[in-house]
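Residues in the sequence shown are numbered consecutively from 142, following our numbering. Using N, Cα and C, we set each Cβ at its ideal position, and we do this for glycine too. Structure first, commentary second.
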Amino acid sequence: MKITLKDGSSKEYAESMRVIDIAADISEGLARMATAGEVNGEVVDLRTVVEEDCELSILTFQDEKGKGAFRHTASHIMAQAIKRLYPDAKLAIGPSVADGFYYDIDRETPLTQEDLEKIEAEMKKIVKEALPIEQFTKPRAEAIAYFQEKEEPYKVELIEDLPEDAVISFYSQGEFTDLCAGPHLMTTKPVKAFKLTSLAGAYWRGSEKNKMLQRIYGTAFPKKAELDEYLTMLEEAKKRDHRRLGKELGLFMMRDEGPGFPFFLPKGMVLKNTLLDYWREIHNKAGYVEIATPIMLSRHLWETSGHWDHYKENMYTTVIDEEDFAIKPMNCPGGILVYQSEPRSYRDLPLRMGELGLVHRHEKSGQLHGLMRVRCFTQDDAHIFMMPEQIREEIKGVAKLIDEVYSLFGFKYHVELSTRPEDSMGSDEDWEMATDALRGALDDLGLPYVVNEGDGAFYGPKIDFHLEDSIGRTWQCGTIQLDFQLPLRFELEYTGADGEKHRPIMIHRVAFGSIERFIGILIEHFAGAFPTWLAPVQVKVLPISDKYMDYAENVLAQLKDAGIRAELDSRAEKIGYKIREAQMQKVPYMLVVGAKEEESGLVSVRSRFEGDEGQKSTAEFIAALKEEIAQKVAREVKHSDEK
C-alpha cells in the first residue's frame with residue numbers, strides 16, 4: 142500500500158501498519174511526539190491499522206487536533222484519579238476543549254478547591270506509572286451491563302442513546318476503563334505538565350431539565366515551561382479583564398435591568414466615537430458610501446432572506462398593526478433594499494455600502510460575557526455589490542483595509558479560507574469561481590492562509606481574520622463572505638454593457654466585527670492604557686495647589702481649543718496623589734503646574750511613556766501632541782510608575 146505524507150512524500154508497505162508504527166518508521170522522534178493520526182482528513186487513533194492507500198498526517202501537540210488527543214488523555218487521567226480518591230463519584234463526559242479539558246461528575250458531596258490539589262497529586266502518580274492505554278469494543282448489551290455493574294448511570298444512558306449499529310468503544314489504563322471514541326495517547330507517561338484550573342456547574346447534556354453536575358476544568362502540556370507560560374498568560378488576562386477595567390476606567394456598565402445590553406458611559410462613548418470616526422475616515426478613502434437602515438423590519442423581508450426560518454429563535458419579534466415585525470439581527474437585508482431602491486448599471490459597480498448598524502440577537506443568559514457576548518451591538522458592516530470579474534480586486538481591497546486596521550492597533554493575525562460545506566446552496570460553477578477568486582486574492586496579496594475544508598457559509602466561501610492580542614490570545618473578528626444566494630432570493634439586477642439584465646454578486650464583510658466586542662478586545666489588549674489618539678482623556682492638568690488654579694485653567698483652555706481631550710484635577714489633594722490617580726486612570730500625559738511653571742509660562746510634562754519629560758511651553762507640547770494624535774502613533778512605554 143502507498144502512504145502519502147503531509148509533505149507530499151510517500152512510503153510503501155507490503156502489509157497493514159498501525160499509525161504509530163508508520164510514525165516510528167519515519168522517525169523515532171516523531172513517534173515519541175505523535176498524539177494521533179489523520180487519515181484522508183479523518184482524525185484517528187495511533188492504534189488505527191492502515192490497510193490501503195491513503196493520505197496520512199502524523200499529528201503532534203503542535204497541531205490543534207493533536208493537542209485535542211493529548212488533552213483528552215489528560216481528562217481520562219483526571220477521571221481515573223477522581224475514581225481512586227472518590228469511588229462514589231459518577232462519571233459523565235470528559236472531552237478536550239479549546240484551552241484544555243474538563244470532566245463532568247456527579248457526587249453527593251461536591252468537590253472543593255482543596256480537592257483539586259489532591260486530584261492533581263494522584264494524577265502525577267498515574268503519569269509516573271506510565272500506564273499503557275488500550276482500546277477495545279464491546280457489544281451493546283455487554284457494554285450496558287458493564288456500566289450497570291460499575292454503577293455508572295450516565296455511561297449507560299449514553300450507550301442507550303447510540304444507534305443500534307454503533308460501535309461501542311472503550312479505553313482502559315490500569316484499573317480504569319471509560320466509554321470513549323478516542324483518540325488517545327499510547328500511555329499516560331507523556332502528560333507531564335497539567336493544572337486543574339476551576340470548578341463549575343453544568344447541566345447533564347446541556348439541558349436545564351436535567352441534573353446539575355460538577356465540571357472540573359484543567360489544561361495540559363507536554364512540558365512544564367509551556368504550562369507555566371500558559372498560567373502566566375491566564376494571570377495576565379485576569380489583570381486585563383475588560384469588565385473590571387471598564388468599571389474602573391468609567392467606560393461602560395451592565396445592569397440587571399438590561400442583561401446583555403451594555404450602557405456606555407461618557408468616557409466609553411468618547412472611545413467608541415473615536416473608533417467610529419476612524420472607521421468613517423478609512424471607508425471614505427476606500428470609496429464606500431454610508432447608509433443607515435431601520436432597526437425593525439417586517440416579517441416578509443426576513444422570510445425572503447431566510448432568517449425567519451433559520452434564525453428566528455435568536456430574533457426579537459413584535460406585532461405592529463397586526464403584522465409581524467422583527468428587530469434586525471443582521472444588516473444585510475436592509476442594505477439589499479437600498480440597492481433595490483433605484484435601477485443599477487454596470488457603471489455603478491462595484492457599489493460599496495457601509496453601515497454602522499445596531500443589531501439585536503437573543504443570547505442565552507449563561508453565554509453573556511461583558512462586551513464580548515452581548516444581545517445588542519453595533520456591527521461595522523459593509524455590503525459590496527459587483528460583477529463576477531470584479532470579485533478578486535474587491536476581495537483584495539477589503540483584505541488591505543482589514544490589514545490597515547489591525548496593523549494600526551498592533552495586532553498580528555492569521556487568515557483562514559473556508560470552503561463549500563455539505564449543506565451549501567448554489568451551483569458547482571458558482572462555488573468554484575468564488576473559491577478561486579478568494580484564493581487568488583490571498584495569493585496576489587502574498588497572505589499565508591490555512592484552508593478549512595467545508596467550513597464556509599451555506600451561501601458562499603469566506604475568509605476569516607484571527608487577530609492575536611498582546612498576550613497571545615486569538616480572536617476572530619474580520620470576515621469576508623461571498624454570497625450568491627441573497628442576490629438570487631431578492632432578484633437583484635444590474636444592466637450590463639450588453640444592455641441585458643444580470644445578477645450581481647454580493648460581499649458581506651466586517652473589519653471590527655462587533656464594535657462593542659472590539660472595544661472589549663482593545664481594553665484587554667492595551668490593559669486599558671490606550672494609545673493617545675484613542676484615550677478618552679489625553680491630558681490631565683494637575684495644579685500643585687489652589688494658588689495655581691487660574692494658570693491651570695488657562696492651560697486647560699489652550700488644550701481644549703486645540704481639540705485635545707483634557708481634564709483639570711482641581712481637588713485639594715497633594716500632587717503625588719493626583720499623579721498616582723492619573724496613572725491609575727491610564728491617562729497618557731500629565732501637566733504639572735506650580736510657581737515655576739506659572740512664572741516661566743511653561744508646563745512640567747509627565748507621561749505614561751517616559752515618566753518625567755521636563756518642562757515645555759504649552760504651545761510646544763500641544764504641537765507635538767497634535768502630531769502624535771494625527772499620526773495615530775503608539776508610543777513605546779519606557780517608564781511606568783504604576784504599582
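I think residue i touches residue j, with their Cβ atoms under 8 Å apart; what is that distance to the nearest whole Å?
i	j	result
isoleucine 648	threonine 519	Their Cβ separation, rounded to whole angstroms, is 20 Å, which puts isoleucine 648 and threonine 519 out of contact at 8 Å.
isoleucine 309	alanine 284	4 Å
lysine 446	proline 470	For the sequence presented, residue 446 should be read as serine rather than lysine. About 10 Å separates the two Cβ atoms, so there is no contact after all.
lysine 296	leucine 320	5 Å
aspartate 465	threonine 458	6 Å
isoleucine 705	valine 680	6 Å
glycine 669	leucine 386	4 Å
phenylalanine 750	valine 728	Actually they do not touch by this definition, with Cβ atoms about 12 Å apart.
aspartate 521	phenylalanine 653	5 Å
tyrosine 600	leucine 627	7 Å
lysine 408	leucine 390	7 Å
alanine 523	tyrosine 429	6 Å
histidine 325	alanine 210	6 Å
Could you check the C-alpha separation between residue i and residue j for me, to the nearest Å?
i	j	result
glycine 551	methionine 513	20 Å
glutamine 785	threonine 328	In the structure as shown, the chain begins at 142 and stops at 784. Residue 785 is therefore absent and cannot be evaluated.
tyrosine 635	proline 491	11 Å
alanine 698	valine 678	15 Å
leucine 252	aspartate 229	12 Å
lysine 380	methionine 374	10 Å
threonine 318	glycine 595	35 Å
tyrosine 312	isoleucine 543	46 Å
valine 575	valine 774	Checking the sequence shown, residue 575 turns out to be alanine, not valine. Straight-line Cα distance between these residues: approximately 37 Å.
asparagine 414	histidine 607	24 Å
leucine 549	aspartate 702	27 Å
leucine 187	glutamate 431	55 Å
valine 191	alanine 155	12 Å
isoleucine 612	proline 280	49 Å
lysine 688	valine 682	14 Å
valine 180	aspartate 256	40 Å
glutamate 665	lysine 715	31 Å
leucine 766	alanine 760	10 Å
In the structure shown, what three-state DSSP assignment does residue i receive?
i	result
lysine 773	coil
alanine 378	helix
alanine 523	strand
valine 546	helix
glutamate 783	Interpretation of glutamate 783 is limited by its pLDDT of 46, a score under 50 that renders its predicted location unreliable; the figure taken from the coordinates is listed afterwards. Reduced to three states, the DSSP call for glutamate 783 is coil.
glutamine 254	helix
valine 160	helix
alanine 764	helix
methionine 395	coil
phenylalanine 552	coil
histidine 649	strand
glutamine 114	Past the edges of the chain, shown from 142 to 784, lies residue 114, and the structure says nothing about it.
cysteine 321	coil
arginine 173	helix
threonine 329	coil
alanine 676	coil
aspartate 639	coil
lysine 364	coil
lysine 147	coil
glutamine 481	coil
glutamine 622	strand
serine 506	helix
proline 684	strand
Within a Cβ cutoff of 7 Å, which residues of the same chain sit near residue i, ignoring the five residues on either side of it in sequence?
i	result
lysine 784	Residue confidence for lysine 784 is low, a pLDDT of 38 falling below 50, so the modelled location carries little weight and cannot support an answer.
proline 403	Phe393, Met395, Leu512, Val515, Glu657
glutamate 367	Ala334
glycine 401	Glu504, Leu509, Val515, Arg516
For residue i, I'd like the list of residues in its chain whose CB is within less than 6 Å of its CB, leaving aside the five on either flank, ordered along the chain.
i	result
serine 748	Tyr730, Glu754
threonine 434	Gly475
arginine 776	Phe750
lysine 553	Glu609
tryptophan 572	Arg561
Near residue i, what residues of its chain come up, given a Cβ to Cβ distance below 8 Å and the 5 sequence neighbours on each side ignored?
i	result
aspartate 782	The predicted position of aspartate 782 is uncertain, since its pLDDT is 49 and thus under 50; no value can be drawn from it.
Nearest chain B C-beta to residue i closer than 8 Å, yes or no?
i	result
leucine 417	In summary, chain B is missing from the structure at hand, where a single protein chain is found.
Using a threshold of 7 Å, is the CB atom of residue i nearer than that to any non-hydrogen atom of the ligand SAH?
i	result
valine 185	The ligand SAH is not among the ligands present in this structure, which contains no ligands whatsoever.
Which full runs of the alpha helix (DSSP H) of 4+ residues lie inside the segment 416 to 450, going along the chain?
-> The segment 416 to 450 contains these whole alpha helix (DSSP H) runs: 440 to 446.
Any chance you could list the alpha helix (DSSP H) runs of at least 4 consecutive residues sitting entirely within the segment 557 to 616, in chain order?
-> Runs found: 569 to 586.
Which whole runs of the beta strand (DSSP E) in the segment 209 to 265 are 3 residues long or more, in chain order?
-> Positions of the beta strand (DSSP E) runs, each at least 3 residues long and wholly inside the segment 209 to 265, are given as 241 to 247 in order along the chain.
Curious, which full-length alpha helix (DSSP H) runs of at least 4 residues does the segment 704 to 751 contain?
-> Runs found: 716 to 725, 736 to 741.
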